[in-house]
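Using my numbering, the first residue of the first sequence is number 6, and each one after it goes up by one. Beta carbons are placed, not taken as given, at the ideal position from N, Cα and C, and that holds for glycine. This one's a predicted model, so the numbers in the text were calculated from it and none came from an experiment. Worksheet for the structure shown next.
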Amino acid sequence: MTVRVRIAPSDTGSIHVGNVRSALFNWLFARNRGGTFIVRIDDTDVERSDTANLEDIVSGLRWLGLDWDEGIDVGGPHGTYKQSDRFERYRQVALDLVASGDAYFDDREPDELEQLRNRAQQEAKHPGTYIRRLDPPATDGVIRFAVPSGDAVTFSDSVRGEMRFEADSQDDFVILRSNGVPTYHLASTVDDVDYGITHVIRGEDLLSSTPKHILLARAMGADPAIYAHLPLLFGPDGKKLSKRHGDTSLAAYREGGYLPEAVFNFLAILGWSLGDDREIFTAEEAIAAFSLERVSKNPAVFDTDKLLWMNGEYIRALAGETFVDRARPWVREAVGRDLDETEWATFGQIAPLVQDRAKLLTEVGPQVTFLFTDDPLIDQASWDKVMRKEGVAEILVDAASRLESVNPFETESIETALRALAEERGIGAGKAFQPVRVAITGSSVSPPLFESLAALGRERAVQRIRNAVERLSSG
RNA sequence: GGCCCCGUCGUCCAGUGGUCUAGGACGCCGGCCUUUCAAGCCGGAAACGCCAGUUCGAACCUGGUCGGGGCUGCCA
């Protein structure tokens, strides 16, 4: 069987990590099986739907390295892959279902239904029994699917095993709203049938809606897809991940300095594993090893500590040139302008040292801005801690004069000169070097000192140390 | 309330009746290295929710219980 899977993100907001994780698993499954991966847009919520979010969805998925064979932005045999363009089709299906007796119009008021539900709850009966309607149908209102009573719906979930839902526990659910717009259940099922979707891989929150979708597909005369329900992603509080958990949009991670490979890898180990101890792996390795059987059943907490660590691993694993390329936009942003060729060369010189230290691309800029401004920002806490000690001014004056005669002005000779300073003055290395560090970078945290001095150049280095001395004497 | 899902270190994952005094990773703690910060290296604390049953033997099977979660909408 040729596998055809899809994801159907809604365009009511920025795409978030839960959806992205579902997308990733669908993609992995499709690529593993040589199947087709489809991206369709679920925009049936006309109130909140916003096409401005389309770009976010498309670019987010691409950024992660996912590609799709049919769907939004790439097209295919099924039109635009936006559900809003197929409302006529869904309406027709709803009407056909009414004609065949599988659905009916319902004009009862929401208030009345609310009362029925409450009564059902109090009496601990199946709510479906109350929502159903046995009297002759009206001719307007919503269209509800008529759940056949008595039968149980059973199916085999590829991750959870055998499932069984009593039909009497299911409401006669709305498939077409009174404004003629289909509900999620209808649109999604019609599309899955029309597009020939073979496997529906989605979050567990849809598990209890699956009987509805199976019933719907059957009423349309189609074979339901194979279902696989992924464990949910939780926030730190153990609840389904949502906006209130902070950064849950993919964009937040992209803008936060994460590498797509790291996010990809991290999302892949949430609810799935290769089966051995490997936790860091490539997309190719994941594709080769992927199977729904290996997907775990229990929910996973989205733990950004581990993502952060993993991002650092990926940054350090980058080839030097690649790191420089990836870091460029972040350096520009931090410096506030583009760099010229000489400056980029300077950055390239010190980049490996920064690469070793960064867990986030956002950390790169602040580490190197001192090289590209005449007046680096001074971190007051660093200054207070390092510069307000006895003898600092003397050390700085001495350092400046030694640096003036260092030749060539390179890492090794600089190190020799400054170590001599410490030794001759009988002070520890840290005591001698920290003031110089703060003087030239503005902070007690920086790339290694001698390399930083070399990159800065003699003239600017000496000038900055003298400026620091002046600042010290003026209080 | 009803229906459904889930239950191994704080977190992610391994484990499918003996090889488990339960393994790896993040995080945490301690140490080494060291010019700061990282990285790296070494070491440590840390879990099978509970109770029955099946079995010679159970983290793995069964039942119950407790706990967590999802759904219960003219949201998806």
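CB of residue i within 8 Å of CB of residue j, strictly
{"i": "H481", "j": "V164", "result": "As shown, the chain starts at 6 and ends at 480. That puts residue 481 outside it, with no answer to give."}
{"i": "V44", "j": "G76", "result": "yes"}
{"i": "L454", "j": "R465", "result": "no"}
{"i": "A172", "j": "P153", "result": "yes"}
{"i": "L408", "j": "A386", "result": "no"}
{"i": "Y200", "j": "L365", "result": "no"}
{"i": "D74", "j": "T41", "result": "yes"}
{"i": "R67", "j": "L181", "result": "no"}
{"i": "L458", "j": "V397", "result": "no"}
{"i": "V369", "j": "W314", "result": "no"}
Environment of residue i [buried if 16+ CB atoms lie within 10 Å]
{"i": "G251", "result": "exposed"}
{"i": "G243", "result": "exposed"}
{"i": "S451", "result": "buried"}
{"i": "T144", "result": "exposed"}
{"i": "D308", "result": "exposed"}
{"i": "V51", "result": "exposed"}
{"i": "M6", "result": "exposed"}
{"i": "K390", "result": "exposed"}
Nearest to residue i (by Cα), restricted to the options the options
{"i": "R91", "options": "I470, D197 and D330", "result": "D197"}
{"i": "R169", "options": "S214, T144, R299 and D78", "result": "S214"}
{"i": "P236", "options": "D162, E60 and F286", "result": "D162"}
{"i": "E117", "options": "A108, I136, Q88 and G462", "result": "I136"}
{"i": "L426", "options": "L401, E417, S448 and A444", "result": "L401"}
{"i": "T85", "options": "D112, V103, D55 and D47", "result": "D47"}
{"i": "F286", "options": "S64, P229 and F271", "result": "F271"}
{"i": "D107", "options": "L121, T421, L212 and A151", "result": "A151"}
{"i": "T49", "options": "D361, T17, G65 and S27", "result": "T17"}
{"i": "G435", "options": "R424, I445 and E399", "result": "R424"}
{"i": "G350", "options": "D282, G462 and S449", "result": "The amino acid at residue 350 is misidentified as Gly; the sequence shows Ala. It is G462 whose Cα lies nearest to the Cα of A350."}
{"i": "D361", "options": "D345, G317, E429 and F30", "result": "G317"}
{"i": "I62", "options": "K87, L358 and P82", "result": "K87"}
{"i": "D330", "options": "H218, S254 and P357", "result": "P357"}
{"i": "I148", "options": "L121, V179, G133 and E475", "result": "V179"}
{"i": "D282", "options": "E289, A288 and I274", "result": "I274"}
{"i": "H190", "options": "H131, L212 and A104", "result": "L212"}
Residue i Cβ short of 7 Å to the ligand FMN heavy atom set
{"i": "S64", "result": "Among the components of this structure there are no ligands whatsoever, and the ligand FMN is therefore not found."}
Assumed close pair residue i, residue j - CB separation to whole angstroms, cut-off 8 Å
{"i": "N37", "j": "I292", "result": "5 Å"}
{"i": "I355", "j": "E456", "result": "6 Å"}
{"i": "G276", "j": "V300", "result": "6 Å"}
{"i": "A224", "j": "L102", "result": "6 Å"}
{"i": "R94", "j": "V195", "result": "7 Å"}
{"i": "A256", "j": "S27", "result": "About 17 Å separates the two Cβ atoms, so there is no contact after all."}
{"i": "P265", "j": "G70", "result": "6 Å"}
{"i": "P381", "j": "T446", "result": "6 Å"}
{"i": "L29", "j": "F375", "result": "At roughly 39 Å, the Cβ-Cβ gap does not stay under 8 Å, so L29 and F375 are not in contact."}
{"i": "F295", "j": "L33", "result": "4 Å"}
{"i": "A339", "j": "P371", "result": "6 Å"}
Quick one: which unbroken beta strand (DSSP E) runs of 3-plus residues sit fully inside the segment 223-311? Chain order, please. 231-235
With a floor of 3 residues, list each beta strand (DSSP E) that falls wholly inside the segment 197-221, ordered by position along the chain. 204-208
Of all the alpha helix (DSSP H) runs that stay within the bounds of the segment 338-394, which reach a length of 4 or more residues? Considered as a whole, the segment 338-394 harbours 346-362, 369-373 and 385-392 as its complete alpha helix (DSSP H) runs of no fewer than 4 residues, in chain order.
Which runs of the beta strand (DSSP E) spanning at least 3 residues fall entirely within the segment 96-132, listed in chain order? 108-111
What ranges does the beta strand (DSSP E) occupy inside the segment 154-196, keeping only unbroken runs of at least 3 residues that lie completely in it? As far as the segment 154-196 is concerned, its whole beta strand (DSSP E) runs of at least 3 residues are 157-162, 166-171 and 179-181.
Of all the beta strand (DSSP E) runs that stay within the bounds of the segment 404-463, which reach a length of 3 or more residues? none
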